[in-house]
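Here's the structure, in structure tokens; my notes come after.
Numbering (our numbering), first residue to last: 2 to 178.
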């Protein structure tokens, strides 16, 4: 029985091993892409960027935004998208906050805004009707998000940098470099 299990494991390992030049090249590029810029100096900026992009106040667009920003800034996509996905519930909570803050920035009276209503109109009405009802709410939310990006980015960056330094100190046993 043990010999049969070893044979199955070896067979599975052989089937997963890249065989040709094209497969080796593909796996090499995929590995380098996944591990891109995964070092102590770049991880705090990557985490902060993931937080800022993950709070983008438009449902369904954070993954695309995070991917594009990560590609342009050559950041680690695994870290970016992980942070983005973890912030999904917070993004939903922050949408009304961004709408209200944007109304305050634009000096507009408070509107009646609800995510439930927004999703219902999105599903049942045309795009034109949706934009008529929620267009200004989107502009208000986008304005507030743009204004909040720098302080959120800097706060998360410095916290992540401090945690990274603490982890390095703990790993080295408190010895200086």
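From the three backbone atoms N, C-alpha and C, an ideal C-beta is built for every residue, glycine too.
**Study point:** Residue range of the alpha helix (DSSP H) that includes residue 119
**Key:** In the chain shown, residue 119 corresponds to position 118, counting from 1. Residue 119 -> alpha helix (DSSP H) spans 116-125.
Check your understanding: Whose C-alpha, out of 162, 141, 171, is nearest the C-alpha of residue 57?
Key -> Sequence index remark: in the chain shown, residue 57 carries index 56 (1-based). Looking at the Cα atoms, 141 is the closest of the given residues.
**Study point:** Proximity to residue 31 [Cα-Cα], best of 163, 77, 169
**Key:** In the chain shown, residue 31 corresponds to position 30, counting from 1. Comparing Cα positions, the closest option is 77.
Check your understanding: Rounded to a whole number of angstroms, what is the C-alpha to C-alpha distance between residue 184 and residue 89?
Key -> With the chain covering only 2 through 178, there is no way to say anything about residue 184.
Check your understanding: Do residue 53 and residue 153 have their CB atoms nearer than 8 Å?
Key -> Residue numbering aside, residue 53 sits at position 52 when the chain shown is read from its first letter. Residue numbering aside, residue 153 sits at position 152 when the chain shown is read from its first letter. The answer is yes: Cβ separation under 8 Å.
Review point. Going straight from the alpha carbon of residue 158 to that of residue 45, what length do you get?
Key: If you number the chain shown from 1, residue 158 lands on position 157. If you number the chain shown from 1, residue 45 lands on position 44. Rounded to whole angstroms, residue 158 to residue 45 spans 5 Å at the Cα level.
Point to revise | CA-to-CA distance, residue 173 to residue 121, given in whole angstroms | key: Stepping through the chain shown from its first residue, residue 121 is reached at position 120. Stepping through the chain shown from its first residue, residue 173 is reached at position 172. Distance between the alpha carbons of residue 121 and residue 173 is about 54 Å.
Point to revise | Residue ranges of each alpha helix (DSSP H) within the segment 78-113, 4 or longer | key: 78-87, 89-106
Exercise for review: Please report the Cβ distance between residue 145 and residue 116, rounded to the nearest whole angstrom; I am assuming they are in contact, meaning their Cβ atoms lie under 8 Å.
Suggested key: Locating residue 145 in the chain shown gives position 144, counting from the first residue. Locating residue 116 in the chain shown gives position 115, counting from the first residue. In fact, because the Cβ distance is near 16 Å, the residues do not count as touching under 8 Å.
Point to revise | the segment 80-89 contacting the segment 61-71, beta-carbon criterion three pairs below 8 Å | key: yes
Point to revise | 4 or more residues per run - each alpha helix (DSSP H) lying fully within the segment 141-166 | key: none
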